[in-house]
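If you read the protein sequences in the order shown, they are chains C and L. Letter by letter, the first sequence follows residues 40 to 505 of the numbering used here. Letter by letter, the second sequence follows residues 40 to 505 of the numbering used here. To start, the structure itself, in structure tokens.
Protein chains: 2
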Amino acid sequence: MDYKTRTRVAAILVDDKIAAGTEVTILGLVRTRRVGKEVAFLEINDGSCMANIQGVIDPPDKFEILEEIQTGAAVRMKGELVASPGGGQKYELKVTDLEMVGSAGTDYPLQKKRHSFEFLREIAHLRPRTNTFGAVNRIRSKLAYGIHQFYQERGFYYIHTPLISASDCEGAGEMFRVTTFDLPQVPTVDGKVDWDKDFFAAEAYLAVSGQLEGELLATALGDIYTFGPTFRAENSNTSRHASEFWMIEPEMAWAELDDNMDLAEEFLKYLLTYVFDKCGDEMDFFSKWVDKELRQTLESVIESEFVRLPYTEAIAELEKSKDSFEFPVKWGIDMQSEHERWLTEKRFKKPVIVYDYPEEIKAFYMRVNDDGKTVRAMDVLVPRVGEIIGGSQREERLDILQERMTKLGMADDFDKYQWYFDIRKYGSCPHSGFGLGFERAIMYITGMTNIRDVISFPRVPRWAKF
Amino acid sequence: MDYKTRTRVAAILVDDKIAAGTEVTILGLVRTRRVGKEVAFLEINDGSCMANIQGVIDPPDKFEILEEIQTGAAVRMKGELVASPGGGQKYELKVTDLEMVGSAGTDYPLQKKRHSFEFLREIAHLRPRTNTFGAVNRIRSKLAYGIHQFYQERGFYYIHTPLISASDCEGAGEMFRVTTFDLPQVPTVDGKVDWDKDFFAAEAYLAVSGQLEGELLATALGDIYTFGPTFRAENSNTSRHASEFWMIEPEMAWAELDDNMDLAEEFLKYLLTYVFDKCGDEMDFFSKWVDKELRQTLESVIESEFVRLPYTEAIAELEKSKDSFEFPVKWGIDMQSEHERWLTEKRFKKPVIVYDYPEEIKAFYMRVNDDGKTVRAMDVLVPRVGEIIGGSQREERLDILQERMTKLGMADDFDKYQWYFDIRKYGSCPHSGFGLGFERAIMYITGMTNIRDVISFPRVPRWAKF
């Protein structure tokens with residue numbers, strides 16, 4: 040085969056690594072085929088980049104096989120790289136050798152036309168072969184790598200927190216049960232499930248966050264980050280919810296809320312800069328076909344200094360506003376998307392970090408402020424999306440943590456949290472962290488509006504196919 | 040707080056970035072405390088590297104707080120960096136300022152002595168604070184990054200395959216069921232489970248591999264790799280099996296078995312070189328305390344050219360051997376660990392790639408050779424471990440794939456594999472890939488012999504704590 044001698048289209052058309060006159064072998068799928076009287080053209084995409092490379096066949100009857108090469112066929116095409124006379128790409132291929140490796144038959148579902156995203160979701164196994172989903176996949180990959188680079192360059196250690204857990208620690212959100220019971224037969228004792236007979240000898244669930252374990256590892260290693268899958272069994276059939284998604288959760292020992300804000304702002308700007316730098320053609324594509332204001336919106340974020348606004352002041356701003364809101368504004372509310380977007384899009388016209396939220400609306404592990412009624416939570420709001428990052432300084436004082444948990448009705452769960460208490464009992468230190476949903480970040484960066492279109496195989500209520 | 044002004048110990052003692060005479064703030068946990076008559080010493084570890092930094096307190100009664108600072112306490116220590124007169128580290132700290140941020144009390148479980156790995160598994164939430172588990176975690180992180188670097192530099196795209204799946208595609212291995220049913224109540228219709236009422240409106244499981252989806256994305260994007268968690272519900276309580284582990288699965292379109300072998304060999308050598316380069320102190324630690332032959336074994340792998348041996352010849356070698364084996368050798372057997380280790384440790388004394396295995400013992404998706412009785416499978420065997428990588432060229436010919444599946448009794452499952460068939464129906468091309476278990480790789484590289492000791496929170500039968 041030609042693996043060792045093949046040339047990726049990206050090396051020719053993106054990296055500009057191959058000189059005109061070079062003989063190259065291209066391996067890929069046919070996007071279009073045009074056979075004229077004097078010359079024939081085959082546009083090939085090999086997935087390495089947005090661009091197709093055009094093979095020029097002159098005369099068009101040079102290869103008998105050409106007649107059978109339809110859109111979608113896998114071909115091997117060899118020839119000399121020459122400057123392209125047309126206005127498209129810099130180079131094209133003067134084809135000297137052509138082989139059809141895999142036919143696409145006559146019923147290939149991806150013909151040369153625009154398909155609806157709804158249609159493409161039904162053929163999720165073929166949609167990575169389209170421009171849009173090829174681009175989404177390449178951005179996913181580069182962005183993931185950029186995330187690792189960002190943290191590794193800063194001395195953070197990458198950790199893997201457990202996905203299956205027998206201690207429902209978050210309490211929040213509905214979780215998926217994990218079992219090896221052969222349903223509907225479930226062993227019971229006195230009418231209750233005999234969990235001792237299950238695989239883990241206990242009830243087990245899929246984790247909704249790696250934060251608590253992340254805190255533990257941060258206090259040992261300094262700074263850590265997670266980047267792994269997360270599961271939510273919420274029955275939300277919206278364009279922004281998936282049952283399985285990836286999340287990035289950095290956690291810094293010896294860091295307070297200000298440090299956390301610094302990191303979040305630096306991180307977001309890094310990612311946007313990175314993606315324009317590494318995925319220029321893909322970003323051009325999304326800016327042209329998906330959201331015409333995309334580039335401008337993101338570039339203004341890179342250049343802006345994020346506003347940092349206490350929740351109390353944010354509420355005051357909203358109360359002063361002449362705009363009307365569906366949900367009434369008053370101190371103590373959990374802000375709705377309309378409020379968040381007003382702050383970032385209308386009032387400040389740039390990213391806003393709201394912090395020091397009322398303790399009633401935030402999780403048990405957030406550090407209580409001296410005022411006794413707010414906690415050191417922060418949400419990063421960005422134009423076009425609203426909240427994109429949520430985080431906090433964690434409560435490192437064992438007595439105050441337990442007091443707050445008792446107030447929240449969690450006193451019966453203390454035995455489950457023994458290990459979480461221990462890291463406060465022994466050498467506790469201030470620490471902070473946040474979470475960024477990877478798919479939400481990709482939606483934000485590409486302008487794609489449905490989470491089902493930024494994951495290869497989305498899992499949502501009543502759908503876990505492929 | 041001191042986040043912005045703190046100095047990581049790694050910057051001083053590993054990267055040698057700070058000059059003597061600089062004033063630095065160190066934040067970390069006390070490893071040892073020695074109070075003499077004329078001077079006191081505090082050894083601090085901040086998790087950023089193996090080494091502790093020593094704080095020198097002269098006179099010892101300079102800080103009242105010193106009396107309360109026990110092993111395990113979290114402290115802030117400020118002072119001038121000076122050349123260390125002792126034979127240990129290059130620098131120590133002349134402490135001018137000392138604060139105890141978090142006491143460790145008097146019952147801290149990690150006192151200065153060697154603890155058994157069994158004991159440390161019971162306090163998995165504290166063990167990352169020990170030398171061994173700090174080192175394991177740092178190697179995990181760097182190695183993970185090295186894996187991304189290897190593939191990204193070679194133009195492979197990182198993909199996320201689904202963890203929850205309604206199609207039990209692998210067939211192999213026992214799987215965990217995922218459900219939101221409130222056990223023991225399971226809705227039934229005619230005595231059978233009414234899966235339509237479950238979250239995904241179908242039976243759903245945790246994936247045992249991302250390979251099949253990886254094949255699909257490789258044929259669209261060229262070269263891809265996965266790096267994500269994988270689940271096995273096998274009831275194996277061995278030192279090498281975990282129910283949840285991470286796996287790396289590269290897949291190359293337009294690649295045959297030779298290319299696959301090239302990639303596997305290059306990949307393994309890269310990882311070993313990388314870890315010596317990036318984790319020198321950790322590797323010294325494992326070579327000294329865990330396996331004295333570690334460095335030599337791994338270095339010889341880096342320098343060796345892997346043997347490539349057809350299964351048939353491997354069996355012939357084993358049959359010629361004068362050594363006796365527990366399991367008898369003959370063509371057709373699934374080689375046992377004793378056979379694999381004999382080949383790599385005794386016969387060739389270096390890594391061996393065995394390929395072209397009998398079709399009866401290999402999975403349905405492996406490409407059938409022209410001899411009709413072997414398939415294009417390969418296993419990479421390394422000294423001290425045996426099989427570390429398994430892979431194959433995939434069957435890209437739809438008719439032959441379906442024929443083989445029928446022979447294997449999978450004809451009733453064809454509807455589940457429709458999408459897998461489709462990528463062969465439309466523009467099929469040769470492709471190959473392999474899998475490397477991340478924890479197995481870490482065990483191999485560190486010399487650690489129990490998989491429970493290379494994952495922060497291992498999941499095994501009857502154990503899913505923390």
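Where a beta carbon is used, it is the ideal one built from N, C-alpha and C, also for glycine.
DSSP links Val-419 (chain C) through a beta bridge to C:Ile-392, C:Ile-428. In the three-state scheme derived from DSSP, where H, G and I count as helix and E and B as strand, Pro-397 (chain L) is classed as strand.
If you check each beta-carbon in the stretch 450-466 of chain L against every beta-carbon of chain C, the ones closer than 7 Å belong to Trp-458, Asp-461, Ile-462, Lys-464, Tyr-465, Gly-466. Taking a C-beta cut-off of 7 Å against chain C, the contacting residues of the stretch 230-242 of chain L are Val-232, Phe-238, Phe-239, Ala-240, Ala-241, listed in chain order.
DSSP places Ala-112 (chain L) in the coil class of the three-state scheme, outside both helix and strand.
Taking 7 Å as the upper bound on Cβ-Cβ separation, chain C lies near residues Gly-173, Asn-176, Arg-177, Ser-180, Ala-183, Tyr-184, His-187, Gln-191, Gly-194 of the stretch 173-195 of chain L.
For Gln-335 (chain C), the enclosing alpha helix (DSSP H) begins and ends at 333-342. The Cβ of Val-393 (chain C) sits no closer than 9 Å to any Cβ of chain L. Contact check for Ala-243 (chain L) and Ser-204 (chain L): beta-carbon distance about 7 Å, within the 8 Å limit, so the pair qualifies.
The Cβ-Cβ distance between Phe-496 (chain L) and Glu-252 (chain C) falls below 9 Å.
With contact defined as three or more Cβ pairs closer than 8 Å, the stretch 87-96 of chain L and the stretch 303-315 of chain C are not in contact. In the DSSP assignment, Ser-326 (chain L) falls within the unbroken alpha helix (DSSP H) covering 319-328. By the C-beta criterion, the stretch 429-445 of chain C is judged to be in contact with the stretch 397-414 of chain C, since at least 3 inter-stretch pairs fall below 8 Å.
The beta strand (DSSP E) runs lying completely inside the stretch 161-227 of chain L and spanning 3 residues or more are 196-198, 216-218, given in chain order.
The C-beta distance from Cys-468 (chain C) to Trp-328 (chain C) rounds to 49 Å, too long to fall under 8 Å, and the pair is not in contact. Nearest C-alpha to Glu-288 (chain C) among C:Asp-330, C:Val-140, C:Ile-427, C:Leu-357: C:Ile-427. Put simply, the CB of Asn-274 (chain C) is near chain L, with a gap under 9 Å to one of its CB atoms. Per DSSP, Arg-463 (chain C) is one residue of the alpha helix (DSSP H) stretching across 457-464. Trp-285 (chain L) is positioned such that its CB atom lies no closer than 9 Å to that of His-378 (chain C).
At least one C-beta of chain C is nearer than 9 Å to the C-beta of Trp-293 (chain L). For Thr-71 (chain L), the nearest beta carbon of chain C is not closer than 9 Å to its own beta carbon. The three-state secondary structure of Ile-57 (chain C), taken from DSSP, is coil.
Excluding sequence positions up to five before and after Ile-481 (chain L), its CB lies within less than 8 Å of the CB of Val-175, Ile-178, Arg-179, Leu-182, Met-487, Val-493, all in the same chain and listed in chain order.
At a cut-off of 9 Å between beta-carbon atoms, His-199 (chain C) makes contact with chain L. Relative to Lys-464 (chain C), the option among L:Glu-106, L:Gly-371, L:Ser-142, L:Ala-246 whose CA is nearest is L:Ser-142.
For Tyr-404 (chain L), no chain C residue has a C-beta closer than 7 Å to its own C-beta; the minimum C-beta separation is roughly 15 Å. Distance from the CA atom of Arg-433 (chain C) to the CA atom of His-470 (chain C), rounded to whole angstroms, is 6 Å.
Ser-471, Phe-477, Ile-494, Ser-495, Phe-496, Pro-497, Arg-498, Val-499, Pro-500, Arg-501, Trp-502, Ala-503: these are the residues of the stretch 471-503 of chain C whose beta carbon lies less than 9 Å from some beta carbon of chain L, given in chain order.
The alpha-carbon of Ile-51 (chain L) is positioned some 12 Å away from that of Ser-123 (chain L). Remark: C-beta atoms of Pro-167 (chain L) and Leu-256 (chain C) approach each other more closely than 9 Å.
Of the candidates L:Ala-353, L:Gly-94, L:Phe-453, L:Val-340, L:Val-340 places its Cα closest to the Cα of Tyr-483 (chain L).
Trp-285 (chain L) has a beta carbon lying within less than 9 Å of a beta carbon in chain C. Excluding sequence positions up to five before and after Phe-220 (chain C), its CB lies within less than 7 Å of the CB of Asp-237, all in the same chain and listed in chain order. Between Pro-167 (chain C) and chain L, the shortest Cβ-Cβ separation is below 9 Å. Nearest neighbour of Glu-77 (chain C) by Cα position, chosen from C:Thr-336, C:Val-95, C:Ser-363, turns out to be C:Val-95.
Around the beta carbon of Thr-445 (chain L), a 10 Å sphere encloses fewer than 16 other beta carbons of the protein chains shown; the residue is thus reported as exposed.
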